[in-house]
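Taking it in order: structure first as structure tokens, then the write-up.
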Amino acid sequence: MNLIASPFESIEHAVIWLLIIFSVATWGLFLLKGVQFSRLKNQDRRFLKQFWAATSLDSAAELASTAPGAA
1 MNLIASPFES IEHAVIWLLI IFSVATWGLF LLKGVQFSRL KNQDRRFLKQ
51 FWAATSLDSA AELASTAPGA A
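Given below as structure tokens:
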């Protein structure tokens with residue numbers, strides 16, 4: 001009777017697979033958020049460069065209302 005020797009074998013395997021699945025999902029989210037953060041950082045850098053290069057306050061305000069990266 002193998003079941004008497006290890007009655008929780010299937011639960012142990014399920015827990016291990018569940019941990020592996022959540023670990024992969026966590027790393028996937030980590031990489032996705034890293035890419036998103038990098039894109040937003042570059043977008044913000046471009047916006048700030050254009051904003052400070054604006055010749056007037058009106059053009060800076062227009063840029064801030066239309067350009068991506070303006071918060």
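At position 35 of the sequence shown the residue is numbered 35 (full-length UniProt numbering), and the sequence of numbers has no breaks. C-beta: ideal position from N, C-alpha, C; glycine also. No experiment lies behind these values; they were computed from the predicted model shown.
Might you give, ordered along the chain, the residues of its own chain that have their beta carbon closer than 8 Å to the beta carbon of residue 20, omitting 5 neighbours on each side?
-> none
Q) Got a sec? Which residues, its chain only, sit under 8 Å from residue 68 by beta carbon, not counting five neighbours each side? A) Correct list, in chain order: 43, 47.
Exercise. Taking only the alpha-carbon atoms, compute the straight-line gap between residue 15 and residue 58 and give it to the nearest angstrom.
Key: 60 Å
**Request:** Please report the Cβ distance between residue 63 and residue 51, rounded to the nearest whole angstrom; I am assuming they are in contact, meaning their Cβ atoms lie under 8 Å.
**Result:** 6 Å
Original post:
Terminal residues of the continuous alpha helix (DSSP H) containing residue 66?
Top reply: Start and end: 57-66.
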